[in-house]
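Asker:
Protein chains in written order, with this note's numbering: chain L, 167 to 293; chain H, 5 to 682.
As structure tokens, then:
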């Protein structure tokens, strides 16, 4: 059972992300966070194998979440995917520079997300 | 690592310091360059972090060379910085001559470094600098017409790091309107931060615009979280502080510091894209590890004194007339205790370095060897951020290199052979590091041939290490690879017959208080796990008593303690065992181990269950005396030769206590018989 945390403020996007990831080859347990704050609260309570986060969120943005996760010894090794609506090279570079493992531009094919998620989960499996 | 000719005779001490630091920088550059080359070969996106790291290395080298007046190095480092800057702003692509120019510069640095201390040699080595600099300059100039750089913001680059474009835009707008950009900091419990943060956010919004909320882990505690609220306001930080009436909140300016710290830093390193600034490079101090040892010893002395104080308080408490003083003392003692713990943690923390330094070295060795051996291998490194005592990291290099080399050399098959066995042509070697309690585990795994246990046993029999009729478990047989003198060819197909000395690996690790384990599945791979204590400095120990002699057992390896009735102890041949929740736990009597008197046979005993890595064992003792901080000191003389003793420590009453070497004790007694200690 692989545990995935989805951080996304839009309910529609959240549902889309969840349904895409529910069809992964491996069994998954998906936890949804409606905001960056909720993600911060969930992180110390549950352990996750993958985080998928939006960038533009009202409280803390996705880049800040990436920075938080990747600068924290306890969570650093969790692979992290950024999904974002606007195509912004600078946001993308920042996200990857802060340690995000992948960056997807919305809209994307669910299959693309599954592929990325599967790759990252496989890479972390043996860890 | 490049070895230089002996230069002790012709270089001064400071020059040596320069050379050793510069060497480290160049090592890092080689690593970054190799990563860039890999990315280019794979047609990957250039990882901005790799370029940024290279950029920072070039910058450090420039500053360092400037400090030591080594102009050719400084000059070249400056040019390197320029081209890396162009690279990270996307003005130059990797396909351009950039990468070969960078590679050439790194090579020239190495030759220059070799020549330090010899003026003539420097001149020879510096000959290519001018030409190379010109080439780099030309490449950078040619690429000037790249994408436009976003308008520089006069805000602390550290803050800009995590801002989205939209937030940057808000920031720009606010600055244009002459507002002050401030950071409001506060720390909350992670479980309940939202109420406090909402109140703080509301307070900030009432005075201006809340642009972004930046979370950060609290340095001191896992259960707390720090937030910085980036805001724009018509009030400056000082005035705003008076208006924000939330307990624990502080306000500071987020504007970029006005003056550069050092006039020597001619080139600004803070790009508009919010890279970590020059400050983060220069806020590091290099300290001789011996000074840290000294500091650690002092802390150790304090710990012992604190123990003595505790004993005094106990005495005070036991007398009616002084009991009231004891209460006051207890309070002070508690506070002292807390601060001392903080000090200990801080000192230990300074000694910690991430493992990626040595992992980078290993990666390079693998890159070099795979070409040489004609093997296709992917190296997967995880947990490079795991930290370990600097001293231990140094000692770990050789054993780790040894194990990885073995995997590459003997375990991974040639591509054609792998395909024939139904495996992907590319082999895989994984290095995984992670912390487990007070230990760090470094596991090297491969998907190669696995260990040929039959062949191993046959060789052991041929050398008389095992009798032909002796029954050994699979695990016992695998353990034979650590037996001294056995030619341990790990792969069944290996024909080179090179002995690889896993016994040396085990000896090295045991000397560090660690253990090494092996797991292997024929045909599908081997995992060698090395477990090391995080630090050798101060450890919490369990004090036990055997025949009125006290011993300290480091708590990091104690799993639990049990009260044992003599009738519960089972015997199997010459071993004693205890049924622990359905598992047979091997027992060892410390009295027998150290030739001490035994208690009457009907007396109850205590079993201290210890474990390192996957090895568990119960140590039988007469009595438990409680936990103590212990400072392990090496011992000399005849006692030092006794296996199972790691050193000595003093506890409160200043009586020396021997510290058990759990790693040595939990090792299989059978192997101990065959490989007696000298």
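Glycine included, every Cβ here is placed at the ideal spot set by N, Cα and C.
Are residue 81 of chain H and residue 62 of chain H touching if we call contact CB-CB under 8 Å?
Answerer: Locating residue 81 of chain H in the second chain gives position 77, counting from the first residue. Locating residue 62 of chain H in the second chain gives position 58, counting from the first residue. Cβ distance < 8 Å, so residue 81 of chain H and residue 62 of chain H count as in contact.
Asker: What is the rounded straight-line gap between the Cα of residue 308 of chain H and the Cα of residue 634 of chain H?
Answerer: Stepping through the second chain from its first residue, residue 308 of chain H is reached at position 304. Stepping through the second chain from its first residue, residue 634 of chain H is reached at position 630. For residue 308 of chain H and residue 634 of chain H, the distance between alpha carbons rounds to 8 Å.
Asker: Whole angstroms are fine: how far does the CA of residue 246 of chain L sit from the CA of residue 449 of chain H?
Answerer: Reading the second chain from its first residue, position 445 is the one you call residue 449 of chain H. Reading the first chain from its first residue, position 80 is the one you call residue 246 of chain L. Going by the C-alpha atoms only, they are around 25 Å apart.
Asker: Tell me the rounded alpha-carbon separation between residue 349 of chain H and residue 420 of chain H.
Answerer: Counting from 1 along the second chain, the entry for residue 349 of chain H is found at position 345. Counting from 1 along the second chain, the entry for residue 420 of chain H is found at position 416. Those two C-alpha atoms are separated by around 52 Å.
Asker: Using three-state DSSP, classify residue 394 of chain H as helix, strand or coil.
Answerer: Position 390 of the second chain holds residue 394 of chain H. Helix.
Asker: If you drop the 5 nearest sequence neighbours on each side, which residues of the same chain put their C-beta closer than 6 Å to that of residue 173 of chain L?
Answerer: What you label residue 173 of chain L is simply residue 7 of the first chain in a count that begins at 1. Hits under 6 Å: 199, 205 and 219.
Asker: Measuring only the C-alpha atoms, how far is residue 610 of chain H from residue 591 of chain H?
Answerer: Reading the second chain from its first residue, position 606 is the one you call residue 610 of chain H. Reading the second chain from its first residue, position 587 is the one you call residue 591 of chain H. Rounded to the nearest angstrom, the two C-alpha atoms are 11 Å apart.
Asker: Using the beta-carbon of each residue, which ones in chain H are nearer than 8 Å to residue 180 of chain L?
Answerer: Stepping through the first chain from its first residue, residue 180 of chain L is reached at position 14. In chain order: nothing, as chain H lies at least about 19 Å away.
Asker: Can you tell me the Cα-Cα spacing of residue 607 of chain H and residue 561 of chain H, whole angstroms?
Answerer: Within the second chain, numbered from 1, the residue matching residue 607 of chain H stands at position 603. Within the second chain, numbered from 1, the residue matching residue 561 of chain H stands at position 557. Approximately 26 Å, taken between the alpha carbons.
Asker: Examine the Cβ distances between the segment 546 to 563 of chain H and the segment 468 to 485 of chain H and report whether three or more of them are shorter than 8 Å.
Answerer: Contact fails: fewer than three Cβ-Cβ distances are below 8 Å.
Asker: Would residue 217 of chain H pass as an interface residue toward chain L - the criterion being a Cβ-Cβ separation below 8 Å?
Answerer: As a first step, residue 217 of chain H is located in the second chain; it is residue number 213 there, counting from the start. For residue 217 of chain H, the answer is yes, since a Cβ of chain L falls inside 8 Å of its Cβ.
Asker: Please compile the residues from chain H whose C-beta is within a distance smaller than 8 Å of the C-beta of residue 274 of chain L.
Answerer: In the first chain, counting from the first residue as 1, residue 274 of chain L sits at position 108. None at all; the shortest Cβ gap to chain H is about 17 Å.
Asker: Can you check DSSP and say which residues form a bridge with residue 439 of chain H?
Answerer: For the purposes of this step, residue 439 of chain H is taken as residue 435 along the second chain, with counting starting at 1. The partner list for residue 439 of chain H (beta bridge, DSSP) reads H:444.
Asker: Is the beta carbon of residue 168 of chain L less than 8 Å from the beta carbon of residue 229 of chain L?
Answerer: Within the first chain, numbered from 1, the residue matching residue 168 of chain L stands at position 2. Within the first chain, numbered from 1, the residue matching residue 229 of chain L stands at position 63. No, the pair does not count as a contact, with Cβ atoms beyond the cut-off.
Asker: Taking all protein chains shown into account, decide if residue 378 of chain H is buried (16 or more other Cβ within 10 angstroms of its Cβ) or exposed.
Answerer: As a first step, residue 378 of chain H is located in the second chain; it is residue number 374 there, counting from the start. Flag for residue 378 of chain H reads exposed.
Asker: Report the CB separation of residue 355 of chain H from residue 393 of chain H in whole angstroms; it is logged as a contact under 8 Å.
Answerer: Along the second chain, one-based indexing puts residue 355 of chain H at 351. Along the second chain, one-based indexing puts residue 393 of chain H at 389. Right, the Cβ-Cβ distance comes to about 5 Å (below 8 Å), so this counts as a contact.
Asker: Say whether chain L places a C-beta atom closer than 8 Å to the C-beta of residue 229 of chain H.
Answerer: Working through the second chain from its first residue, we reach residue 229 of chain H at position 225. Yes, its Cβ sits closer than 8 Å to a Cβ of chain L.
Asker: Spell out a yes or no on whether the segment 367 to 384 of chain H and the segment 402 to 418 of chain H are touching, meaning 3 or more CB-CB pairs, one atom from each, closer than 8 Å.
Answerer: Yes, since at least three Cβ pairs between the segment 367 to 384 of chain H and the segment 402 to 418 of chain H fall closer than 8 Å, the two stretches touch.
Asker: Just checking my contact of residue 2 of chain H with residue 106 of chain H at CB under 8 Å: how many whole Å lie between their CB atoms?
Answerer: Residue numbering for chain H in the displayed model covers 5 to 682; residue 2 of chain H lies beyond these limits and cannot be assessed.
Asker: Would DSSP call residue 606 of chain H helix, strand or coil?
Answerer: As a first step, residue 606 of chain H must be located in the second chain, where it is residue number 602. Coil at residue 606 of chain H, not helix or strand.
Asker: May I ask which residues mark the beginning and end of the beta strand (DSSP E) holding residue 622 of chain H?
Answerer: Working through the second chain from its first residue, we reach residue 622 of chain H at position 618. Unbroken beta strand (DSSP E) run through residue 622 of chain H: 619 to 625.
Asker: Check whether the Cβ of residue 34 of chain H lies closer than 8 Å to any Cβ atom in chain L.
Answerer: Within the second chain, residue 34 of chain H is the residue found at index 30, counting from 1. Chain L contact via Cβ: absent.
Asker: Mapping DSSP to helix, strand and coil, what is residue 506 of chain H?
Answerer: In the second chain, counting from the first residue as 1, residue 506 of chain H sits at position 502. It is helical.
Asker: State buried or exposed for residue 180 of chain H, treating a residue as buried only when at least 16 other CB atoms are found within 10 Å of its CB.
Answerer: Along the second chain, read from residue 1 onward, the residue named residue 180 of chain H stands at position 176. Flag for residue 180 of chain H reads exposed.
Asker: For residue 72 of chain H, tell me which candidate among H:317, H:315 and H:121 has the shortest Cα-Cα distance.
Answerer: On the second chain, position 68 is the one that residue 72 of chain H refers to. Comparing Cα-Cα distances from residue 72 of chain H to each of H:317, H:315 and H:121, the minimum goes to H:121.
Asker: Can you pull the chain H residues whose beta carbon is under 9 Å from the beta carbon of residue 280 of chain L, in chain order?
Answerer: Numbered from its first residue, the first chain carries residue 280 of chain L at position 114. Within 9 Å Cβ-Cβ: nothing; residue 280 of chain L doesn't reach chain H, min ~21 Å.
Asker: From the DSSP output, read off the bridge partner residues of residue 230 of chain H.
Answerer: As a position in the second chain, residue 230 of chain H is number 226, starting the count at 1. In DSSP, residue 230 of chain H forms a bridge with H:191 and H:220.
Asker: In angstroms, rounded to a whole number, what distance separates the CA positions of residue 653 of chain H and residue 537 of chain H?
Answerer: The sequence position of residue 653 of chain H within the second chain is 649, counting from 1. The sequence position of residue 537 of chain H within the second chain is 533, counting from 1. Each residue's Cα considered, the two are about 17 Å apart.
Asker: Anything in chain L within Cβ reach of residue 162 of chain H, meaning under 7 Å, just list it in chain order.
Answerer: For the purposes of this step, residue 162 of chain H is taken as the residue at position 158 of the second chain. Residues of chain L passing the Cβ test: none, with the nearest at roughly 10 Å.
Asker: Just to confirm my understanding: we take residue 668 of chain H, look at its own chain, exclude 5 residues before and 5 after, and list those with CB closer than 7 Å. What are they?
Answerer: For the purposes of this step, residue 668 of chain H is taken as residue 664 along the second chain, with counting starting at 1. If we look at residue 668 of chain H and ignore the five residues flanking it on each side, its Cβ neighbours are 514, 647 and 648.
Asker: Any heavy atom of the ligand GTP closer than 7 Å to the CB of residue 528 of chain H?
Answerer: What this structure holds is no ligand at all, so the ligand GTP is not there to describe.
Asker: Would you report the Cα separation of residue 271 of chain L and residue 249 of chain L, rounded to the nearest angstrom?
Answerer: Position 105 of the first chain, counted from the first residue, corresponds to residue 271 of chain L. Position 83 of the first chain, counted from the first residue, corresponds to residue 249 of chain L. C-alpha separation (whole angstroms): 6 Å.
Asker: With distance defined between alpha-carbon atoms, name the residue in H:324, H:424, H:479 and H:461 nearest to residue 452 of chain H.
Answerer: Here residue 452 of chain H corresponds to residue number 448 of the second chain, with the count starting at 1. Minimum Cα distance to residue 452 of chain H is reached at H:424.
Asker: Against chain L, with Cβ distances strictly below 8 Å, would residue 389 of chain H count as a contact?
Answerer: Here residue 389 of chain H corresponds to residue number 385 of the second chain, with the count starting at 1. Yes, its Cβ sits closer than 8 Å to a Cβ of chain L.
Asker: Run through chain L and tell me which residues come within less than 8 Å of residue 403 of chain H, C-beta to C-beta.
Answerer: Stepping through the second chain from its first residue, residue 403 of chain H is reached at position 399. Here the premise fails: no neighbours, minimum Cβ distance about 21 Å.
Asker: Select from the segment 217 to 229 of chain L all residues with a C-beta closer than 9 Å to any C-beta belonging to chain H, and list them in chain order.
Answerer: Residues passing the 9 Å Cβ filter: 221, 222, 225, 226, 227, 228 and 229.
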